[in-house]
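Visitor:
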Amino acid sequence: MNYNTHRDPLVFPEYGRNIQLMVDHLLTIPDKETRSIAAQQVVNLMAQQNPQYRNLPEYMQKLWDHLHIMAGYKLDVDSEYPKPEKPFGYRRNPKKPEYPGNPPKYRFYGKSLEKAIEKAAEMPEGEDRDQLINSLVSFMVLSYKIWNTEKVPDELIIKHLHELSHGKITISQVPEVFYVPERPVQKRTGSKKKKKKQNNKNKNY
C-alpha cells in the first residue's frame with residue numbers, strides 16, 4: 002500500500018481527510034442528479050459528529066455551507082439549503098490539519114469514517130440505518146481507491162466493515178450507491194495523440 006504523507010492541509014480538520022476526499026470526488030461526478038444524491042450522503046456523514054442537531058435547519062444549513070466551502074464554491078447541486086456566496090477576494094487558505102491521538106485501524110479509511118461506521122452499528126434496524134450503511138460502504142470503496150492503485154475486492158470491503166462495526170454490520174455484497182470513475186488517464190492521453198497524428202496525416206493529402 003502506498004501512503005502519501007505530503008497532502009494538502011484540510012479546510013475543516015474536524016471532518017477529517019476522508020470527508021474532504023469525498024467532497025473532491027463530488028466535483029468529478031458529471032450527472033447533476035447523481036452528484037446531488039452523493040452530496041446529501043456526504044452531508045449525512047458530516048452530521049454523524051453531532052446527530053442530536055441534524056433535525057435543526059440552522060445546523061444543516063451550516064453543514065451545507067461547509068460542504069460548498071470545502072468544494073471551493075464550485076459544487077453545483079440541488080439542495081433545499083441555499084449555496085453560500087463566495088466571499089470577495091476569496092483564497093483557499095486552510096488551517097493546519099489536526100490528527101487524532103488514536104490512529105485509525107485502516108489508514109485509508111480515516112478516523113471519521115471509522116467513527117461513522119461505529120455509530121451506524123449502534124442504530125436501530127430500519128431504512129435510515131440501511132441507507133447510511135450503503136453510503137458508508139460506497140465511501141469505503143472510494144477511500145480505498147484513492148489510497149491504493151489495485152482493484153477494490155468486494156470481499157475485503159465486506160470484511161473491513163464487519164471488523165470496524167465490531168461484528169454488528171454484515172452485508173453480502175457491496176452496493177453501488179454512486180459511480181466511482183476509474184480515471185484511465187493514460188488511455189485518454191494516448192487517444193488524443195492518435196487524433197493529432199490522424200489530423201496531421203489528413204493535412205498531408
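Residues 2 to 206, numbered by this note's numbering, are exactly what the sequence shown covers, in order.
Idealized CB from N, CA, C, for every residue including glycine.
1. Within the continuous alpha helix (DSSP H) that includes residue 86, where are the two ends?
2. Among 68, 51, 53 and 87, which has the Cα closest to the Cα of residue 21?
3. Figure out for me which residue from 166, 158 and 167 has the closest Cα to the Cα of residue 173.
4. For the pair the stretch 129-140 and the stretch 42-49, tell me if three or more CB-CB distances fall below 8 angstroms.
5. Tell me which same chain residues have a C-beta within less than 6 angstroms of the C-beta of residue 74, skipping the five on either side of it?
6. Less than 8 angstroms between the CB atoms is what I'm expecting for residue 107 and residue 163, so what's the real figure, rounded?
7. Determine the burial state of residue 110: buried for a count of at least 16 other Cβ atoms within 10 Å of its Cβ, exposed for fewer.
8. How big is the Cα-Cα spacing for residue 123 and residue 51?
9. For residue 27 versus residue 36, is the C-beta spacing smaller than 7 angstroms?
10. For residue 156, report the span of its alpha helix (DSSP H) as first-last.
11. In the structure shown, what three-state DSSP assignment does residue 72 receive?
12. What span of residues does the alpha helix (DSSP H) with residue 79 cover, start to end?
13. Output yes or no for whether 7 angstroms exceeds the beta carbon distance between residue 120 and residue 49.
14. For residue 1 and residue 13, what's the separation of their Cα atoms in angstroms?
15. Express the C-alpha separation of residue 154 and residue 207 in angstroms, rounding to a whole number.
16. Measuring only the C-alpha atoms, how far is residue 10 from residue 146?
17. Taking 7 angstroms as the cut-off, decide whether the C-beta atoms of residue 165 and residue 115 are in contact.
Guide: Quick look at the numbers:
1. That residue, residue 86, is in no alpha helix (DSSP H); it is neither H nor E in DSSP.
2. Nearest in C-alpha terms to residue 21, of all of 68, 51, 53 and 87, is 68.
3. 158
4. yes
5. 87
6. Their Cβ separation, rounded to whole angstroms, is 13 angstroms, which puts residue 107 and residue 163 out of contact at 8 angstroms.
7. buried
8. 15 angstroms
9. A contact, by the Cβ cut-off of 7 angstroms.
10. 155-165
11. coil
12. Here residue 79 belongs to no alpha helix (DSSP H), and DSSP marks it neither H nor E.
13. Residue 120 is a Cβ neighbour of residue 49, given a cutoff of 7 angstroms.
14. The structure shown does not extend to residue 1, since the chain is modelled only from 2 through 206, so no value can be given for it.
15. With the chain represented from 2 up to 206, any question about residue 207 goes unanswered, as that position is not in the structure.
16. Each residue's alpha carbon lies about 20 angstroms from the other.
17. Yes, they are a contact pair.
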